[in-house]
Amino acid sequence: MLCRICTYKTKKIMSFGKQPLANSFLNKQDFSKELFYEMVIAFCQHCFTVQLEKIPNKRNFFNQDYAFASQGSSSMMDHFQNFSKIIKKQFKKKHTYFIVEIGSNDGIFLKNFTNDKKYTLLGIEPASKISQKAKNEGINILNDFFSYKVSKNIKKKLGKADLIYAANVFSHVSNIKSIIKGIENLLEDDGQFIFEVPYLLDIIKKNSFDQIYNEHVYFFSIISLINLFKNSNLHITKVDRLKVHGGSIRVYVKKKPPLNNEKAAISKIIKIEKKNKLNNFSAYKNFRFRILDIKEKLIKKINHFHKNNISISGYGATAKSSTILNFCGFGPQQIKFITDNTPAKISKYSPGSHIPIKSNNFFKKNLTDIVILFAWNHKNEILKKEKKLRNVKWLVYNKRIQLI
Ligand code: JHZ
């Protein structure tokens, strides 16, 4: 395929076989209508972007029925509240500030600004049901996808934005150039575009290949992001590494080029990326090898448990679990159920693998010998919450298959 960023021919890394839409939880009667596609990742040797090959149309999944709700995790609530404090400290000079969030989900970030009139808020969120929670908090929500066209309408009605924020959204959109054009158009000259995405270096180092699913079109390194912004009037001025989602980056983008000290800090990160060969196909060839190795070991382990009547459930019906379950071919024979605290997921079935999703109450009443921690990125929060369950063995699988 041709690279979506620079149009050079990409090199295939590997296929994960037929995969469903990661967040499309189903009712039994819809099993036969389920949509599958072949999930392939590729690397561009010219701009160094890792990306999915063909993906289904985003309107098939980022729609009114989209199930993921950010406020299901208290540590993520803390994360966004802490970031809002950083922004509030910066926003001291003017009387009013206009904050736009692309992909505002249930309002987890914007709700931190609602009690101060100096902030004008706008969330842009195509998942209308999930966005209702934000609307209930009085946040102005536009149920649409952000694009250049949408940016023009917003600018006309509300003016230019001081902050455009996008958490776990920027790597989700294949038409990323329209997003960048829209940001350039909507952003104040001294404004900032700040985004957070899972960091490719962490994915490679921690072997967290289950971050690969239909919603994540791109897997960014700083080297690739520099190439992405090259043809725009936007510049990366700062990068923070974050612990969330197994390792993410928060990238600060401005209309002004970075200062010398900012440039030096970015160069340091690029040096680390080059040391880890993120600009070289060899890193991805090794990644593929490790993924296939874990797959084989995980299948062996789960089949061993199954044969020996050791019962298994899952914790967190994450988007990530969809990749693992369908890649390994697991179903309700091996994994009895997955527990999740999201009302829109409970009583439905997992995409492709058709494992029942159950409440936390059900989980506690039907404890299994082994619990696969599909929400491994929330490990501390979950183990703390469930610390009374002494006989349960938690299984994690990315780098090494381990019982904890
Ligand atoms: P979590 C989603 O991925 C999709 P997922 C998306 N593409 C993305 O980029 C990331 O988020 C940011 C549940 N849970 O955060 C809630 C409990 O049941 O790993 C969630 O369904 N009990 C936008 O789905 C799931 O686990 C708990 O105590 O991989 C966690 O999903 C906790 C803490 C969570 O994201």
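Residues in the sequence shown are numbered from 1270 upward in steps of one, following the numbering used here.
For each residue, glycine too, the CB sits at the ideal point set by N, CA and C.
These figures come from a predicted structure and were not determined experimentally.
**OP:** Look at the alpha carbon of Phe-1606 and the alpha carbon of Asn-1595, and state the distance between them as a whole number of angstroms.
**Re:** 15 Å
Original post:
Which residues does DSSP pair with Gln-1461 in a beta bridge?
Top reply: Leu-1432 and Lys-1523
**OP:** Grab me the residues of Lys-1424's own chain with a C-beta within less than 8 Å of its C-beta, minus the 5 sequence neighbours each way, in chain order.
**Re:** Asn-1454 and Leu-1455
**OP:** Can you tell me which of the three DSSP states His-1441 falls into?
**Re:** helix
**OP:** Would you tell me roughly how many angstroms separate the C-alpha atoms of Val-1419 and Lys-1297, rounded to the nearest one?
**Re:** 37 Å
Subject >> Short Cβ contact (8 Å threshold) for Ile-1495 with Phe-1462 >> reply: no
**OP:** Please report how far the alpha carbon of Asn-1405 lies from the alpha carbon of Leu-1411, in whole angstroms.
**Re:** 14 Å
**OP:** Determine the closest residue to Gln-1288 out of Pro-1325, His-1514 and Asp-1334, with distance taken between C-alpha atoms.
**Re:** Pro-1325
Subject >> For Pro-1612, the nearest candidate out of Ile-1593, Glu-1394, Gln-1340 and Val-1508 (CA to CA) >> reply: Gln-1340
**OP:** Have a look at Ser-1431 and Lys-1614 and give me their C-alpha separation to the nearest angstrom.
**Re:** Per the sequence presented here, residue 1431 reads as Asp, with Ser not at that position. Cα to Cα, the separation comes out at about 36 Å.
Subject >> Buried or exposed (CB count within 10 angstroms, at least 16 for buried), Ile-1355 >> reply: exposed
**OP:** Under 7 Å Cβ to Cβ from Gln-1350, same chain only, skipping five residues before and after it: list those, please.
**Re:** Asn-1381
Original post:
Can you find at least 3 beta carbon pairs, one from the stretch 1304-1315 and one from the stretch 1270-1279, that sit closer than 8 Å?
Top reply: yes
Original post:
Is the distance from the Cβ of Val-1486 to the Cβ of Val-1442 below 8 Å?
Top reply: yes
Subject >> Distance, Ile-1624 Cα to Ile-1579 Cα >> reply: 17 Å
Subject >> C-beta contact flag for Ser-1477 and Asn-1667 at 8 Å >> reply: yes
Original post:
For the beta strand (DSSP E) that contains Gln-1508, what are its first and last residues?
Top reply: Residue identity differs from the one stated: residue 1508 is Val in this sequence, not Gln. Val-1508 -> beta strand (DSSP E) spans 1504-1511.
**OP:** Report the rounded CA-to-CA distance for Gly-1372 versus Asn-1577, giving the unit in angstroms.
**Re:** 45 Å
Original post:
Could you give the C-beta distance for Ser-1353 and Phe-1378, rounded to a whole number, given that I count them as a contact under 8 Å?
Top reply: 7 Å
Subject >> Residues near Ile-1641 by beta carbon distance below 6 Å, same chain, minus five either side >> reply: Gly-1583 and Leu-1664
**OP:** List the DSSP bridge partners of Asp-1311.
**Re:** Checking the sequence, you will find Ala at residue 1311 rather than Asp. Ala-1311 pairs with Lys-1281 and Gln-1320.
Subject >> Inter-residue CB distance, Phe-1498 and Val-1466 (contact presumed, cutoff 8 Å) >> reply: Contact flag wrong, Cβ pair sits at about 14 Å.
Subject >> CA-to-CA distance, Lys-1566 to His-1575, given in whole angstroms >> reply: 14 Å
**OP:** Output the distance between the C-alpha atoms of Lys-1540 and Asn-1629, rounded to the nearest integer angstrom.
**Re:** 44 Å
Original post:
Is it the case that the CB of Lys-1614 approaches a heavy atom of the ligand JHZ more closely than 7 Å?
Top reply: yes
Original post:
Would you call the CB atoms of Ile-1581 and Ile-1604 closer than 8 Å?
Top reply: yes
**OP:** With distances taken Cα to Cα, identify the nearest neighbour of Ser-1616 among Lys-1554, Pro-1526, Leu-1295 and Lys-1323.
**Re:** Leu-1295
Original post:
Can we count Glu-1542 as close to the ligand JHZ, meaning its CB is less than 7 Å from some heavy atom?
Top reply: no
Original post:
Among Asn-1548, Ala-1336 and Asn-1646, which residue has its Cα nearest to the Cα of Ala-1691?
Top reply: This structure cannot settle anything about residue 1691, because the visible part of the chain is limited to 1270 through 1673.
Original post:
Does the Cβ-Cβ distance between Val-1508 and Val-1522 come in under 8 Å?
Top reply: no
Original post:
Are Ala-1644 and Ser-1619 touching if we call contact CB-CB under 8 Å?
Top reply: no
**OP:** Given a cut-off of 8 Å, decide if Glu-1650 and Ser-1342 are closer than it, judged by their beta-carbon atoms.
**Re:** yes
Original post:
When the Cα atoms are used, what is the spatial distance from Phe-1439 to Phe-1414?
Top reply: 12 Å
Original post:
Cβ of Glu-1370 versus every heavy atom of the ligand JHZ: is any distance shorter than 7 Å?
Top reply: no
Subject >> Residue burial classification, Leu-1547 (beta-carbon count within 10 angstroms, cutoff 16) >> reply: buried
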